[in-house]
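For the sequence shown, counting from 1, position 22 maps to 18 in our numbering; every step adds exactly one. For each residue, glycine too, the CB sits at the ideal point set by N, CA and C.
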Amino acid sequence: MTVLVPTMGSLHRGHQALIKRARTVSKEVIVSIFVNPLQFENKEDLEKYPRSPQLDIKLATLAGATEVWFPEYEDIYPGEITTLSAGPIGSLYEGASRPAHFDGVLTVVNRLFEIVKPTHAVFGEKDFQQLFLIKGISKKVEIISVPTVRSGSGLALSSRNIRLSEIEQESALIISKALTAASV
Ligand code: PAF
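Written out as structure tokens, the structure reads:
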């Protein structure tokens, strides 16, 4: 059995939880690190996406990864790109402000599955819409989901958090506070 943990790098404890869960399924855990241009709607966001390859290797290995794979663009998209469509659900919620984002996510995940041919793949519940859509396209790969990992303040861990100012981090907490309030 081979378990794939697809990521865009800049790993944190949330990714490590995915890798640890993968290790409960198999001794062969591949972590892919590829910042997929197809899922970014703006060039600046793509260029500013945090990258820390050396630290990523360390954190992935510590969590139990047996291989950390940094594919090149040409490995993933060697020729003309066959884009997968996320359908109407891809245009709702997060997709309403990020047109084509979920098409890009499904396209890369499908390519990663074609190349690695894993038996299982692990994704976080933080990106719930992404998880739902990926489950919809995964015919041969068993999808495992892992609950969101949060900081002490309640903020969901995300590679992009390092780009938030203190005030923005404070505002982002409104989401976890609302979720906690709604669950009581
Ligand atoms: O959740 C992510 O990090 C990305 O959307 C994924 C699934 C690795 C595809 O690029």
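Should the segment 138 to 147 be called in touch with the segment 29 to 42, which here means at least 3 C-beta pairs below 8 angstroms? By the Cβ test, the segment 138 to 147 is not in contact with the segment 29 to 42, since fewer than three Cβ pairs between them sit closer than 8 angstroms.
Inter-residue Cα distance where the pair is T176 and Q125: Cα to Cα, T176 sits roughly 20 angstroms from Q125.
Taking the alpha-carbon positions, what's the K173 to V25 distance? Each residue's alpha carbon lies about 34 angstroms from the other.
If you draw a straight line from the alpha carbon of K23 to that of V112, how long is it in whole angstroms? Roughly 15 angstroms between the two C-alpha positions.
Please state whether the Cβ-Cβ distance between V1 and I15 is less than 9 angstroms. In this structure, I15 lies closer than 9 angstroms to V1 by Cβ.
The beta strand (DSSP E) that contains T(-2), what's its start and end? For T(-2), the enclosing beta strand (DSSP E) has its first and last residue at T(-2) to T3.
Of all residues in the structure, which have a C-beta closer than 6 angstroms to any heavy atom of the ligand PAF, taken in chain order? By the rule of a C-beta closer than 6 angstroms to any heavy atom of the ligand PAF, the residues picked out are P2, T3, M4, N32, Q35, V101, V104, V105, D123 and Q126.
So, with DSSP's three-state summary, where would you put F119? When DSSP states are grouped into helix, strand and coil, F119 belongs to the strand group.
Using 9 angstroms as the threshold, is the C-beta distance between S28 and L108 below it? In contact: S28 and L108 (Cβ atoms closer than 9 angstroms).
Which class does S28 belong to by DSSP, given the choice of helix, strand or coil? Residue state for S28 is assigned as strand, using DSSP reduced to three classes.
What do you reckon, are the CB atoms on L153 and A168 nearer than 9 angstroms? Going by C-beta atoms, L153 is not nearer than 9 angstroms to A168.
Sequence-distant residues of its chain with Cβ nearer than 7 angstroms to S147 (five each side left out): Excluding sequence positions up to five before and after S147, its CB lies within less than 7 angstroms of the CB of L153, all in the same chain and listed in chain order.
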